[in-house]
Each structure stands twice: as structure tokens, then as C-alpha cells.
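Going by this note's numbering, the sequence shown opens with residue 3, and the numbers climb by one from there. Below you'll find the structure, written out as C-alpha cells, and then a few comments.
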Amino acid sequence: MSTNKLFSTKIGLIAATVGSAVGLGNVWRFPAETQSNGGAAFLLVYIVCVLLLGVPVMLAEFSLGRGGRSDAVGVFRRLSPGTAWWLVGAVAVAASYLILCYYMVVAGWTLEYLYESVAGGLYNTVAEGSANAEMRSAFLLKMEEYVTSDIRPVLFTAMMIGVNIAVLLGGVQKGIEKLSNILMPVLFVILVAMCAVTLSLPDAGEGVRYFLDADFSKITPRVIVNGLGQAFFSLSLGMGILITYASYYPSDTKLMRTSVIVALLSLLVAVLMGLIIFPAVKSFGLDKESLEGATLVFVTLPEVFAHLPAPWFWSTLFFLLLLVAALTSTVSIAEVSVAMMQDRFRLSRRAAVLVILLPLLLFSSLCSLSFGSLSDFRVFGMTIFELLDSFTTDILLPLGSMAVCIYLGWFAPKTLLADELSNNGALRSPLTPVVLGIVRYLAPVLIALILVFNYI
Ligand code: PFF
3 MSTNKLFSTK IGLIAATVGS AVGLGNVWRF PAETQSNGGA AFLLVYIVCV
53 LLLGVPVMLA EFSLGRGGRS DAVGVFRRLS PGTAWWLVGA VAVAASYLIL
103 CYYMVVAGWT LEYLYESVAG GLYNTVAEGS ANAEMRSAFL LKMEEYVTSD
153 IRPVLFTAMM IGVNIAVLLG GVQKGIEKLS NILMPVLFVI LVAMCAVTLS
203 LPDAGEGVRY FLDADFSKIT PRVIVNGLGQ AFFSLSLGMG ILITYASYYP
253 SDTKLMRTSV IVALLSLLVA VLMGLIIFPA VKSFGLDKES LEGATLVFVT
303 LPEVFAHLPA PWFWSTLFFL LLLVAALTST VSIAEVSVAM MQDRFRLSRR
353 AAVLVILLPL LLFSSLCSLS FGSLSDFRVF GMTIFELLDS FTTDILLPLG
403 SMAVCIYLGW FAPKTLLADE LSNNGALRSP LTPVVLGIVR YLAPVLIALI
453 LVFNYI
């Protein structure tokens, strides 16, 4: 492999991996899940899941990627030639592509909301000082206008696909790494600035208490299952993403340290988001509203901003944050398929990027239309968007992670994990047996429980 297919700096590879992990999952899904799973108790479960299971599973993917030095299918072919394990990689690639189809649509909405925040369209019909109920219906109407029309969201999604193409054509160093080096600091600066504002609102303390003061009696099996699901989603596990990125890590990258940094930064973003959202909704009396799903970011938060001086400014900052988070994640999800096309079918990077991203124009448009003219088209009672979302997150994501654990724990070359965690003996890695134990036993059992629990 030529060295320009490797990340060029330590900071760059961490920025890219954190960029993949920090996405709509942290900024949007996490606060919504926290709200529907009882507040602080969920946060606690999520943190434990990230550290206890997320980090070891991440290390499993890192070891496969760097040890196999290939795409998500190729690593299995190289490490276990002549077996059917490559199918695990193939399913991961397929799953990541399905996720990309609908994730890109939400990224498109984010771009549309950013545009409307800057251009003023989002706030022009909402009178300052309106009552909460009035404001809510105004923003719900806006959301309907922006999201359910057939043309506009498709156009914004197409623009996001265009940006992804431009970044991915730049390759690993000049595309993905450069983008992440610029955007990750932007993301953290915006988060901290917004957090400082919401924490200084009147009654912010009550929201903070709701988010941080855990009531252990609220920890139920359902909360644990959801916390584990959120941990895997937010760390980009089970989709071949970290296998692909780790194949670009230089041989002296310390995998243990990298995984802990990525997990902690991803947790930090989720916690900062909670510290933005819960104090703000409490302070403006919006905490009784449903904070679930898309309405949290596209209705409730615009309501929060409408209460602040210069709503368009805060709104622009927030949707920029969301866009940054979404873009660095879509790039990582798409890279799984791009790498596979390059390595398996010997395509040039340019051809691979186009073969993967151009058809997305059609697939993502179909997902987008499931809020417009295709809203009545249902499969198993779900729209195309809902079907893809639940099939990937509820089934393929846990299955993918479980398969990776079972493979690495039981079937991969015996010394792979130890070699990778110690950089072939150059580092001390006393925690290797603990990681191996979790990957072999605890993680597959808990993931199997999630799968079963989701169906009872
Ligand atoms: N980890 C990112 C997020 O939380 O949004 C992106 C992502 C990757 C989400 C893979 C879901 C997934 F299956």
C-alpha cells in the first residue's frame, strides 16, 4: 500500500475518527434518547456502555482494519483466506450504504435549515414574544414546508452528496483528513460557545439537574438496551467504518490510546449537547413538549433560539454545528463502500467515488420523498425512510458488531489482537486479556440480548 493512503498525522487520524463518531447520533439522537429514557439514568448507562463495551469493540475493529490493511471485505479475505468470513464484511458494507441513503437526507435538511437561518426564512413569520404554543405550531408548519415538499429537500440532499463527492475525490489525506482537521475544532468551539449561553439562562440549573442527577430506580432493562444501542450507533461500530479508517492508520499508531480518546471526545460532545438542550428547554418552559425524533432539532431548538436575542445567529451556529457533524460522518460512511470498490474491483478512486455516490442521488431522493409524495407508500407499515432506519439500526448494526466480536474473539489469527494492541511487541499492553475477554464473551452476549429484547 502506498503511504499516501495512510493518514499523515496523529492529530489528523484522531480528527477523522472523531469526525466519523460524532454525528447526528450525538447531536440529535442522544438528547432525544435521554429524554425518552428518563434523563440522567440514561446518561449513566450510556457512559458505562461506551467505556465498557464500546471501547473494546472499537479496538476489535481497529485491529482488524490495521492488521488486515484492506477494505471491510478485504480484511477478512486476507486474515482468513478461503473461508466465508468475508461475508461479514460484505454485510457491513451493504448496511453502511443503506444507512447512507437516509442519513444523507437528514444532512440535506440540516443544510436547508442552515440556509434558511442565514437567509432569514426560518424566523420571518414568527413574531417575537409569541406564546410557546403559537411558536410551536409556526415551527411545525415550517418543518412541514421544508421537509415534506418534493423538490427542495431533494435538491439540498443532492448538494450534500456533491460536497461528499468533492471531499472523497481528495482521498484520505487531502480529502478526509484535511476536512476533519478544519471542521473538528470548529465543532468544539461552537459547542462550547452555545453551552456557555444556555448554562447562563435563568433556571438553567433545573435542566442540568434533570440531565446529570441520576435516579438509579429509572435504570430498567429497556434503558440498558437503548443505552447500548446508542453507544454503538454513536461510535460508528458494526458498519465497517472503523475497520476502513484503521486500515489507513500508520503502524506506530497506539490503538488503545486512540480508542479511549475517540470514545471520550464522542461522550464529551453528547454531554455538551445535553447541557445545551436541557437547560434551554427548561428555562423557556418547553420541557413538557416532545423532544423526540426530528422535532427536537427542527422544531424545539428553533423555538429556543426564537427566545434569544438574534435568533438567526444562534440558529446559524447550531445548524452549522449539525452540518459539520453530519458531513464528517457521511464521508466516513461513504468511504466504506468507496474503499471496497477500489480494493475489490481495482477501480481508481475517482471511479469508485462516482460509482458509489451518484446512484445515491436516486436512493436518497426516494428516502426524501417518503416525507412527500411517497408518504403513503408503506412496507411492513413503514415508509422507506423508517424501514431503512429501523432495519439498519435495530438489526444490522448490532448483528455487525456481534459478528466482528465473534470473529476476532474466536476465529481470527490467534495473536492478531495482542500484536495490534502492542504494535507487534513495541508497546506494553497489559489490558489485552481484558479486551479479549470482553470481545469474546461479554459483548456478543449483551448484543444478542439487545436483539432478542427488541423483539419482545
Ligand atoms: N457515528 C455517527 C453518528 O452517531 O451519527 C455516524 C454513524 C455511523 C451513525 C454509523 C450510524 C452508523 F451506523
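Ideal Cβ positions, reconstructed from N, Cα and C, are used throughout, including at glycine. Just so it is clear, the structure is predicted and the values come from calculations on it, not from any experiment.
**Report entry** At least 3 beta-carbon pairs within less than 8 Å: the stretch 384 to 401 vs the stretch 100 to 113
**Finding:** yes
Query raised in the report: Looking at C-alpha atoms only, which residue of I153, A160, T127 and F455 is the closest neighbour of S459?
Result: It is not possible to answer for residue 459, since the shown part of the chain is limited to 3 through 458.
Query raised in the report: By DSSP, does V406 sit in helix, in strand, or in coil?
Result: Taking the sequence shown and counting its residues from 1, the one referred to as residue 406 is at position 404. Three-state result, V406: helix.
Report task. Would you mind stating whether M186 and V381 have Cβ atoms separated by less than 8 Å? Result -> Taking the sequence shown and counting its residues from 1, one reaches residue 186 at position 184. Taking the sequence shown and counting its residues from 1, one reaches residue 381 at position 379. Cβ atoms of M186 and V381: not closer than 8 Å.
**Report entry** Close beta carbons around G40, own chain, < 6 Å, minus the five adjacent residues each side
**Finding:** Counting from 1 along the sequence shown, the entry for residue 40 is found at position 38. These residues qualify, in order along the chain: K220.
Requested in this report: Entirely within the stretch 340 to 364 and at least 4 residues each: give me those alpha helix (DSSP H) ranges in chain order.
Outcome: none
Query - Complete alpha helix (DSSP H) runs within the stretch 34 to 107 (minimum length 4 residues, chain order) - result: 42 to 51, 57 to 70 and 76 to 81
Query raised in the report: Residue range of the alpha helix (DSSP H) that S431 falls in?
Result: As a first step, residue 431 must be located in the sequence shown, where it is residue number 429. Segment: none, S431 is in no alpha helix (DSSP H) and carries neither H nor E.
Query raised in the report: Using DSSP with H/G/I as helix, E/B as strand and the rest coil, what is V24?
Result: Walking along the sequence shown from the start, residue 24 turns up at place 22. Three-state DSSP puts V24 in coil, outside helix and strand.
Requested in this report: Evaluate E146 with the Cβ neighbour count: other Cβ atoms within 10 Å of its Cβ, from every protein chain shown; 16 or more gives buried, anything less gives exposed.
Outcome: Locating residue 146 in the sequence shown gives position 144, where the first residue counts as 1. Exposed is the call here.
**Report entry** Cβ-heavy atom distance, S236 to the ligand PFF, below 7 Å
**Finding:** Residue 236 sits at position 234 when you count from the first residue of the sequence shown. Correct: S236 has its Cβ closer than 7 Å to the ligand PFF.
**Report entry** L113 and F158 closer than 8 Å at C-beta
**Finding:** For the purposes of this step, residue 113 is taken as the residue at position 111 of the sequence shown. For the purposes of this step, residue 158 is taken as the residue at position 156 of the sequence shown. It is a contact, given that the beta carbons lie within the stated cut-off.
Query - Y212 to F32 span [Cα, whole Å] - result: On the sequence shown, position 210 is the one that residue 212 refers to. On the sequence shown, position 30 is the one that residue 32 refers to. Roughly 15 Å separates the two Cα atoms.
Report task. Output yes or no for whether 8 Å exceeds the beta carbon distance between S22 and T330. Result -> Taking the sequence shown and counting its residues from 1, one reaches residue 22 at position 20. Taking the sequence shown and counting its residues from 1, one reaches residue 330 at position 328. Their beta carbons are under 8 Å apart, which means S22 touches T330 by this criterion.
Query raised in the report: Buried or exposed: which applies to K176, given that a residue is buried once 16 or more other Cβ atoms fall within 10 Å of its Cβ?
Result: As a first step, residue 176 must be located in the sequence shown, where it is residue number 174. Looking at its Cβ environment, which holds fewer than 16 other Cβ atoms inside 10 Å, K176 is exposed.
Requested in this report: Return the CA-CA distance between A233 and P204, expressed in angstroms with no decimal places.
Outcome: On the sequence shown, residue 233 is found 231 positions in, with the first residue counted as 1. On the sequence shown, residue 204 is found 202 positions in, with the first residue counted as 1. Roughly 32 Å between the two C-alpha positions.
Requested in this report: Give a single yes or no on whether N28 has its beta carbon closer than 7 Å to a heavy atom of the ligand PFF.
Outcome: Locating residue 28 in the sequence shown gives position 26, where the first residue counts as 1. Checking every heavy atom of the ligand PFF against the Cβ of N28, one is found closer than 7 Å.
Requested in this report: Could you give the DSSP three-state label for M241: helix, strand or coil?
Outcome: For the purposes of this step, residue 241 is identified with residue 239 of the sequence shown, where counting begins at 1. The answer is coil: DSSP assigns M241 none of H, G, I, E or B.
Query raised in the report: Beta-carbon separation of I226 and V95 under 8 Å?
Result: Here the question's residue 226 lines up with position 224 in the sequence shown. Here the question's residue 95 lines up with position 93 in the sequence shown. Going by C-beta atoms, I226 is not nearer than 8 Å to V95.
Query - First through last residue of the alpha helix (DSSP H) which encompasses M258 - result: In the sequence shown, the residue the question calls residue 258 occupies position 256. Where M258 is concerned, the enclosing alpha helix (DSSP H) stretches over L257 to S285.
Report task. Using alpha carbons as the reference points, say which of F413, V299, G229 and G70 lies closest to L451. Result -> Here residue 451 corresponds to residue number 449 of the sequence shown, with the count starting at 1. Checking every option, the nearest Cα to that of L451 belongs to G229.
Query raised in the report: Under 7 Å from any heavy atom of the ligand PFF, does the C-beta of S331 make it?
Result: Locating residue 331 in the sequence shown gives position 329, where the first residue counts as 1. Yes; taking the cut-off as 7 Å, the Cβ of S331 has a heavy atom of the ligand PFF nearer than that.
Requested in this report: Hey, could you find the ends of the alpha helix (DSSP H) E208 is sitting in?
Outcome: The residue labelled residue 208 in the question sits at position 206 within the sequence shown. Unbroken alpha helix (DSSP H) run through E208: A206 to L214.
Query raised in the report: Considering only the beta carbon of each residue, do A327 and V24 sit closer than 8 Å?
Result: Position 325 of the sequence shown, counted from the first residue, corresponds to residue 327. Position 22 of the sequence shown, counted from the first residue, corresponds to residue 24. Cβ atoms of A327 and V24: closer than 8 Å.
Query raised in the report: Measuring CB to CB, does A43 end up less than 8 Å from E294?
Result: Numbered from 1 along the sequence shown, position 41 holds the residue referred to as residue 43. Numbered from 1 along the sequence shown, position 292 holds the residue referred to as residue 294. No.
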